[in-house]
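**Student:** Letter by letter, the sequence shown follows residues 1 to 339 in full-length UniProt numbering.
Mind looking over this structure? Questions follow.
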Amino acid sequence: MNAEKLTVADYQALMERGWRRSGNICYQPTNSINCCPCYAIRCDTLNFKPSRSQRRVLTDMVTFLNTGKKSDGERIANTRVVEEDPLLVELRNIYTSVDGDSCSKFRTSRFRTMSYHREDAPDSGICLVEKDEVPWKNLTSESEQKPSVEQRSGSSKRKRWKALQEKIYLRSVREGVHYEKLMAEYFERRQKRLAKNKPKEMEEILKQIKSKEEAKHFIQMRLCPINPRTPELEKVLRQEFEIYKRYSERVHGTVYKDSDYDIFVQALVDSPIILEDTGAGKNSQLPYFGSFHQQYWLDGKQLMAVGVIDIVPGYLSSSYFFYDPDFEFLHLGNYSAMQ
């Protein structure tokens with residue numbers, strides 16, 4: 001559907017029914033026939049908890065802004081931070097075979113010859129058996145078999161807990177102190193230890209960023225309306241296009257020419273959504289609803305990245321994001337989503 005004008009309420013209603021937009025074209029993905037189905041991912045921002053890799057992205061950004069160093073992010077430069085497949089993580093840390101012996105002798109190249117059963121995987125590892133070496137002759141009826149791995153999976157934890165209880169009991173007898181009192185003290189110490197080692201929240205990490213005067217760098221974000229386009233946006237559109245060309249070639253392998261500028265404008269600059277006043281005042285952080293280019297500037301001078309976003313009363317929708325490949329080590333896509 002080619003839309004010339006849409007109110008923010010109209011576009012919000014379309015989004016809630018699975019519609020998206022690319023420039024002035026609004027469409028609903030046909031997931032039943034698409035090779036890559038598109039799904040709306042809604043995030044409850046008030047209850048959002050960053051993952052370990054996301055906290056690492058924030059920490060790397062803080063380190064870069066404060067010191068100018070790439071920190072640990074340099075080790076994973078030219079890659080995008082993603083959560084690893086849990087199966088691959090488990091396969092990389094195999095410690096237990098079917099009979100309990102070490103199976104570290106199995107190499108990664110031999111994984112394809114092994115059978116894997118997730119339901120039989122204990123907490124400490126995975127049970128693997130080579131297809132050509134299944135001990136069929138040792139199998140007996142269910143009543144004669146040893147307890148299943150699933151039944152034994154928590155045995156080590158129970159043993160540790162029982163040993164701790166015995167230790168506290170012996171101490172209570174030795175010191176003449178009630179067992180319940182010592183156990184309560186243990187739980188109190190444990191809660192304090194857990195609270196101390198609790199992963200930092202986003203706000204705690206971002207508070208570590210120094211002031212502009214003390215830090216090596218700072219990031220300035222500018223929110224530029226695109227319907228109608230502001231003079232500030234018109235001045236840097238060509239600069240955005242140059243970054244988009246480099247990004248597309250580096251990340252997607254698509255080469256654009258200078259003559260493709262109109263394609264860039266039609267897809268990522270044009271928008272049918274009419275700018276509407278939020279009622280919060282022009283000096284507020286969000287004076288308008290509508291479509292915007294959210295620009296990320298390093299030290300207020302160098303354009304690093306651009307997010308194409310739509311802000312409606314109920315949502316902030318990200319249509320597209322592209323960045324200067326020179327700053328790939330900062331994982332700006334992840335950073336922008338958490339901002």
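Glycine included, every Cβ here is placed at the ideal spot set by N, Cα and C.
The model shown is predicted, which means the values in this text are computed figures rather than measured ones.
1. For a test of the three-state rule: what should DSSP assign to HIS217, helix, strand or coil?
2. Using the C-alpha atoms, what's the distance from LYS301 back to MET202?
3. Using DSSP with H/G/I as helix, E/B as strand and the rest coil, what is TYR53?
4. State the DSSP-derived secondary structure class of HIS293, mapped to helix, strand or coil.
5. Threshold first: 3 residues or longer. Then list the beta strand (DSSP E) segments lying entirely within the UniProt domain "N-end aminoacyl transferase N-terminal" (5-56), N to C.
6. Check this for me: beta carbons of ILE311 and PHE289, under 8 Å apart or not?
7. Can you check which of these residues, LYS159, ARG160, TYR186, is closest to ARG171 by C-alpha distance?
8. Using 8 Å as the cut-off, can you tell me whether the stretch 214-231 makes contact with the stretch 239-255, which would need three or more C-beta pairs spanning the two stretches below that distance?
9. Out of curiosity, what's the CA-to-CA distance linking ALA13 and MET338?
10. Measuring alpha carbon to alpha carbon, tell me which of ILE205, CYS38, TYR27, LYS210 ends up nearest SER51.
11. Counting along the chain, where does the beta strand (DSSP E) carrying TYR323 start and finish?
12. Going by beta carbon distance, what residues of the same chain come within less than 6 Å of GLU276, once the five residues before and after it are set aside?
13. Check the C-beta distance from PRO287 over to THR278 and give it rounded, since I have them as a contact under 8 Å.
14. Hey, how far is the Cα of TRP161 from the Cα of HIS293?
15. Identify every residue that forms a DSSP beta bridge with VAL312.
16. Can you find the residues in the same chain that come closer than 8 Å, C-beta to C-beta, to MET1, ignoring five residues on each side of it along the sequence?
17. According to DSSP, is GLY307 part of a helix, a strand, or is it coil?
**Tutor:** According to the data block:
1. Looking at HIS217 - three-state DSSP - the assignment turns out to be coil, as it is neither helix nor strand.
2. One C-alpha to the other measures close to 26 Å.
3. According to the sequence provided, residue 53 is Ser. The question's Tyr does not apply to it. DSSP places SER53 in the helix class (H, G or I) of the three-state scheme.
4. Assigned with DSSP and collapsed to three states, HIS293 falls in strand.
5. Within the UniProt domain "N-end aminoacyl transferase N-terminal" (5-56), the complete beta strand (DSSP E) segments of 3 residues or longer fall at 20-22, 25-27, listed in chain order.
6. In contact: ILE311 and PHE289 (Cβ atoms closer than 8 Å).
7. Measuring from the Cα of ARG171, the nearest candidate turns out to be TYR186.
8. No: the two stretches stay apart, fewer than three of their Cβ pairs being nearer than 8 Å.
9. Roughly 25 Å separates the two Cα atoms.
10. It is ILE205.
11. For TYR323, the enclosing beta strand (DSSP E) has its first and last residue at 315-323.
12. Around GLU276, the same chain offers VAL8, PHE289 as residues with beta carbons nearer than 6 Å, after the five sequence neighbours per side are excluded.
13. About 6 Å separates the beta carbon of PRO287 from that of THR278, a gap short enough to meet the 8 Å contact definition.
14. One C-alpha to the other measures close to 56 Å.
15. TYR315, per the DSSP bridge assignment.
16. Here the set comprises ILE25, CYS26, TYR27.
17. GLY307 falls in the strand class under three-state DSSP.
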